[in-house]
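Undergrad: So in my numbering, the last spot in the sequence shown is 165, and the numbers never skip. Structure below; questions to follow.
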Amino acid sequence: MAHPLRESATEAGQFRFTFCPRDGTRLVPTRIDGRDRPTCPVCGFAEFMFVQIGANTIVERDGGVLLVRLNYGPRDGRWALPGGLVENDETFEEAARRETTEETGFDVSLDGLLATWMRPGFPILVVIYRAHIRSGTLRVAPDEASEAAFFPKDKLPPLEELAWPSTAHGLDAWRAYEPPRP
-16 MAHPLRESAT EAGQFRFTFC PRDGTRLVPT RIDGRDRPTC PVCGFAEFMF
34 VQIGANTIVE RDGGVLLVRL NYGPRDGRWA LPGGLVENDE TFEEAARRET
84 TEETGFDVSL DGLLATWMRP GFPILVVIYR AHIRSGTLRV APDEASEAAF
134 FPKDKLPPLE ELAWPSTAHG LDAWRAYEPP RP
């Protein structure tokens, strides 16, 4: 298996239908809108791959950034930015705050969009916000993370210990960020 930061969407488990979810017929490639899409020759169902939206935060304290160590799935034991998928009834910002609180116990305020990440063929767009702690005590959600910690810029986990490509991208953007001058 490829390193998780370099794998393709197929290696990452991107789900593609083989059979029609409506009638069970084997799907066949059909040219639609300039692309080959799995299509049912009986009912006309066509699979379109839509992008999910993730919202993460770069939470700073005393010059360090907050990361959580995942404790589930193939990325068990790897570090990630606090965050997760945007629900259909919330904004990107609401999702970023909600996920950060769920995973770390901190209520945060967002200080602006820091970066976005997307790779063609990988069905997710991640928005990454700068954030600061308003209140709360550090605690991890045991169903998602085994620990959380602040890392200074010069002591970040190595690339092979990061869970997602978007985590590496967000940390690079954080290291390069220079606040606006008054």
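Even glycine gets a Cβ: it sits at the ideal position worked out from N, Cα and C. For clarity, every value in this text was computed on a predicted model and none was experimentally measured.
Alpha carbon to alpha carbon, what distance is there between W157 and C26?
TA: Translated into positions along the sequence shown, residue 26 becomes position 43. Translated into positions along the sequence shown, residue 157 becomes position 174. Roughly 49 Å between the two C-alpha positions.
Undergrad: Within the stretch -5 to 76, note down every full beta strand (DSSP E) run reaching 3 residues or more, in order along the chain.
TA: Within the stretch -5 to 76, the complete beta strand (DSSP E) runs of at least 3 residues are 11 to 15, 18 to 22, 35 to 44, 47 to 53, 66 to 68.
Undergrad: DSSP beta-bridge partners for H152?
TA: Translated into the one-based positions of the sequence shown, residue 152 becomes position 169. Looking at the DSSP assignment, H152 forms no beta bridge with any residue, so it has no partner.
Undergrad: Tell me whether the stretch 52 to 68 and the stretch 82 to 102 touch, counting them as touching only if at least three CB pairs, one residue from each stretch, are closer than 8 Å.
TA: The stretch 52 to 68 vs the stretch 82 to 102: in contact.
Undergrad: Since A114 contacts I41 with CB under 8 Å, what's their CB separation in whole angstroms?
TA: Along the sequence shown, read from residue 1 onward, the residue named residue 114 stands at position 131. Along the sequence shown, read from residue 1 onward, the residue named residue 41 stands at position 58. Contact holds; Cβ gap of about 7 Å.
Undergrad: In chain order, what residues of the same chain lie with their CB nearer than 6 Å to the CB of T1, ignoring the 5 residues before and after it?
TA: Numbered from 1 along the sequence shown, position 18 holds the residue referred to as residue 1. Closer than 6 Å at Cβ, skipping near neighbours: no residue.
Undergrad: Relative to the C-alpha of P163, which residue among R102, S118, L97 is closest?
TA: What you label residue 163 is simply residue 180 of the sequence shown in a count that begins at 1. If we check each option's Cα against that of P163, L97 comes out closest.
Undergrad: Spatial neighbours of V34 within its chain, please: CB distance less than 8 Å, with the 5 preceding and 5 following residues excluded, ordered by chain position.
TA: For the purposes of this step, residue 34 is identified with residue 51 of the sequence shown, where counting begins at 1. Cβ within range, chain order: M101, P106, I107, L108.
Undergrad: Between the alpha carbons of D94 and E73, how many angstroms are there, rounded?
TA: Position 111 of the sequence shown, counted from the first residue, corresponds to residue 94. Position 90 of the sequence shown, counted from the first residue, corresponds to residue 73. Cα to Cα, the separation comes out at about 18 Å.
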